[in-house]
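Visitor:
Numbering (the working numbering), first residue to last: 127 to 205.
1. Where does residue 143 fall in DSSP's three states?
2. Buried or exposed for residue 190, please, with buried defined as at least 16 other CB atoms from any protein chain shown within 10 angstroms of its CB.
3. According to DSSP, residue 153 sits in a beta bridge with which residue or residues?
See below:
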């Protein structure tokens with residue numbers, strides 16, 4: 127088994143376990159305040175010639191407060 131980047135793997139596992147940290151980090155990344163956060167994990171298996179590769183995507187569905195003070199639901203993909 128090969129892991130493309132174990133640093134990102136451990137960071138995203140931490141974000142799954144601590145939603146308050148995930149809200150803080152993702153809010154800083156998108157530069158908008160997050161009201162709520164839902165985790166939408168996905169796994170995909172890629173078949174290559176000599177081996178197979180598991181790809182784990184962690185999607186986030188967020189409700190953010192816009193500059194108009196309205197709460198909108200936005201879908202953000204972080205892979």
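Just so you know, even glycine gets a beta-carbon here, dropped at the ideal spot from N, CA and C.
Guide: Well, looking at it:
1. Three-state result, residue 143: helix.
2. buried
3. Looking at the DSSP output, residue 153 shares a beta bridge with no other residue.
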